[in-house]
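For the sequence shown, the UniProt record's numbering begins at 1 and goes up steadily by one. A virtual CB, placed ideally from N, CA and C, is assigned to each residue, including glycine.
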Amino acid sequence: MGDRQTPSSTGVGSPMTFNPAQVDSGHDVVRASREEWELLLARDREGMSSYERIEMEQDVEGRNRLAGISPSVTTKMGMKNLRRELLRMRQEYETAHSQLNKEYPQPQTGNRNLAEVAPDGMQIEQSVEQCHSSTRIYNILTTESVIKDDEILLRFLLADRLNAKKAARRLVEYHSMTVELFGDSVLSRPIMLGDLNRQERKLLESGWIQLLLTRDATGRRIMTVDEAGAADPSNIQHKLKVFMYVFQVAAMDSDTQKMGLHLILHRLFNADSPTGTVDEDAWVVDANERQMFRRFFACAPVRCSTIHINTPSPDKWVRILPSVIQMLGTDERGRIRFHEGSITACHQEMEAYGVPAEWMPMTSTGRRKLNEHKLWLKMQKGREMAMQKGQNVEIVECPRLNDILLTKTRRASSHPGNQKLRQVLEDRYEERYVAHPMKKQSITSQVADQLEEKLQARFLVKNKESFWVPADRNIVLDKLGNSFRFVPRLKPKSDSTPSSPVKETMVFQASEADLKPAAKPSSGDKSYSSAEASSSQQDSSDSRAMSPGPGPTNSERPPF
């Protein structure tokens with residue numbers, strides 16, 4: 001079963017022809033076929049420059065040009081342009097706002113005056129809404145905590161890949177939407193769990209949307225949405241508020257700002273019930289919901305670099321595809337990848353995009369996995385509580401690929417940062433082996449500096465609440481010194497050359513079982529020959545010579 005970028009259209013009834021040019025102009029689409037979907041994508045691509053098309057494809061694959069940048073002349077120039085654009089918008093709205101106050105001074109402004117000046121018979125409600133919207137945007141552009149916060153500005157600048165004009169519009173529209181849903185108080189602070197009501201917290205706790213504590217193979221954060229059984233699916237405002245909260249948390253990660261989110265959608269629009277029956281009413285999303293989600297994706301504080309949509313069969317796309325088309329804009333539609341089949345089959349296809357099936361928060365039977373999601377919620381509560389108390393708590397929500405996890409778990413042993421650590425330990429093993437005891441400590445310190453400076457690695461340990469936190473320097477040196485003693489156990493016994501490519505490959509593929517020290521046979525085991533006993537004693541002696549302190553015991557495992 002291969003990955004499909006376009007869904008099939010075989011199913012009940014024939015699709016209704018639609019004009020792709022009308023999709024983005026508010027016209028409703030009832031049915032869409034595969035051919036019409038391809039026509040729409042072709043029209044979207046024609047509207048892009050060759051550079052924009054290449055950049056989008058690289059973004060989908062996790063090879064975005066922003067991934068490796070650090071604060072530089074490029075970002076500084078982008079920030080300068082963004083501030084200039086916000087100032088221009090502020091001056092425009094300031095002039096319009098001043099003129100509005102002159103024509104309709106408060107509180108005299110009423111429906112009668114608005115009706116008199118409503119152009120072309122515009123409805124009074126629309127005129128009132130336009131006035132409110134103009135005032136809201138003006139308030140945003142005059143809020144210093146928004147327009148003068150470098151962290152917020154950089155977040156939106158990176159979301160639009162350093163395009164200052166797009167970033168300015170995104171920033172204003174996003175904050176306008178947050179004010180509509182949460183009130184003016186969120187202009188001066190982040191959205192918090194306390195801003196969600198009981199129903200919204202219940203929806204969040206259900207695992208309907210999850211921000212995973214792992215990254216894909218390219219380093220992007222992974223977000224999943226599972227519509228099956230979503231609490232109160234009819235209330236779009238509840239969903240949007242939860243969406244905005246989780247996206248805001250994701251946008252706090254600097255790597256996610258650059259690379260975007262890896263979004264995976266399961267059982268979209270609640271169309272796939274656990275019993276396998278089809279609810280025809282669940283296929284159609286009303287116009288208001290489409291408009292609100294389309295607006296949100298266009299102004300989200302972090303872009304979705306890849307969007308995967310998993311569905312059990314191609315038949316279901318006959319009516320679900322139009323809603324997908326109209327809920328996403330031109331930039332998002334080109335990032336969609338469709339997958340059809342069972343949950344297991346779709347999860348296996350995810351592995352081609354750097355997302356191991358075992359990381360997916362859903363079993364093969366469709367049951368949600370909530371253990372890591374509960375830990376994530378616990379992190380947010382702890383972080384927000386510390387923020388309210390004015391405390392600075394260093395919690396690493398999701399380790400980067402270059403980070404080194406100082407823990408004894410299977411996931412840690414296969415973590416890219418830990419694999420790089422093993423390579424560095426091997427490279428410096430012989431040098432440290434023959435060095436004076438005092439020199440050994442210096443080499444260990446050099447290894448730590450090399451990993452931190454050249455690879456931008458962080459050494460992380462888990463605290464008592466199971467949160468990742470930066471490790472103390474003394475703990476790092478102690479762990480690294482202890483790790484050198486296990487280097488011989490990581491080497492293939494048939495290869496005695498330290499720089500052998502074969503050995504290096506095997507080290508990178510070492511599993512947890514390979515990293516465990518071999519259990520010592522009992523004295524009554526006749527197969528334990530005297531030669532093997534002598535070899536074991538020699539290995540133990542070599543280990544003690546490599547590092548101060550006692551050699552590894554039978555119960556010890558490599559500390560990485």
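For GLN456, same chain residues with a beta-carbon under 6 Å away, outside a window of 5 residues either side, are ASN402 in chain order.
Between the C-alpha atoms of HIS175 and GLY194 there is a straight-line separation of about 18 Å. In this structure, LEU477 sits away from ILE404, with a CB-CB distance that is not shorter than 8 Å.
For ARG155, there is no enclosing beta strand (DSSP E); the enclosing alpha helix (DSSP H) has its first and last residue at 150 to 159.
If the five residues before and after THR214 are omitted, its C-beta is found closer than 6 Å to the C-beta atoms of TRP359, all from its own chain and listed in chain order. At a Cβ-Cβ threshold of 8 Å, MET362 and ILE343 count as neighbours. For GLU332, the enclosing alpha helix (DSSP H) starts and ends at 330 to 333.
ILE191 counts as buried, since no fewer than 16 other beta carbons sit within 10 angstroms of its beta carbon. With fewer than 16 other CB atoms across the displayed protein chains lying within 10 angstroms of its CB, ASP184 is exposed. Comparing C-alpha distances from ARG201 to each of GLY417, CYS346, ARG410, GLN380 shows the shortest one belongs to GLN380. Exclusion of the five residues before and after ARG335 leaves MET56, ASP59, VAL60, CYS304, SER305, THR306, ILE307 as the residues of its chain whose Cβ lies within less than 8 Å of its Cβ.
The closest CA to that of GLU85, considering only ARG53, LEU162, GLY390, PRO312, is found on LEU162. Contact check for MET79 against LEU154 passes: the beta carbons are separated by less than 8 Å. Using a Cβ distance threshold of 8 Å, THR407 and LYS464 do not count as a contacting pair.
Between the alpha carbons of GLY354 and PRO437 lies a distance of about 43 Å.
Straight-line spacing of the CA atoms in LYS258 and ALA435 works out to 43 Å. Going by DSSP, ARG201 is part of the alpha helix (DSSP H) stretching over 198 to 205. The alpha-carbon separation between GLN348 and SER134 amounts to approximately 48 Å.
In the DSSP annotation of this structure, the continuous segment of the beta strand (DSSP E) that includes CYS304 starts and ends at 304 to 311. In this structure, THR178 is the residue among ASN197, THR178, LEU196 with its C-alpha nearest to the C-alpha of SER188.
Fewer than three beta-carbon pairs drawn from the segment 381 to 393 and the segment 419 to 430 are found closer than 8 Å, and the two stretches are therefore not classed as touching.
Per DSSP, the unbroken beta strand (DSSP E) holding PHE338 starts and ends at 336 to 340. Take the alpha-carbon of ARG169 and the one of ALA159: they are about 12 Å apart. The criterion of a C-beta distance shorter than 8 Å is satisfied by CYS299 and GLU173.
For GLN248, same chain residues with a beta-carbon under 8 Å away, outside a window of 5 residues either side, are PRO190, ILE191, PRO301 in chain order. Residue range 164 to 182 is occupied by the alpha helix (DSSP H) that includes ARG170. Note: LYS462 is bridge-paired with TRP468 in the DSSP secondary-structure output. Residue environment: GLN210 is assigned as buried (16 or more neighbouring CB atoms within 10 Å of its CB, all protein chains considered). In its chain, beyond the 5 residues on either side, THR444, VAL447, ALA448 have a beta carbon closer than 7 Å to the beta carbon of LEU480. Under the three-state reduction of DSSP output, LEU261 falls in the strand class. Under DSSP, the beta-bridge partners assigned to LEU211 are MET223. Around VAL246, the same chain offers ILE209, LEU211 as residues with beta carbons nearer than 6 Å, after the five sequence neighbours per side are excluded.
Only residues of its own chain outside the window of five on either side were considered, and among them THR178 have a CB closer than 6 Å to the CB of VAL186, listed in chain order. Ranked by how close their Cα comes to the Cα of PHE293, the residues LEU263, GLN237, LEU203 have GLN237 in first place. Secondary-structure assignment with DSSP links MET362 through a beta bridge to ARG368. If the five residues before and after GLU453 are omitted, its C-beta is found closer than 8 Å to no C-beta atom of its own chain.
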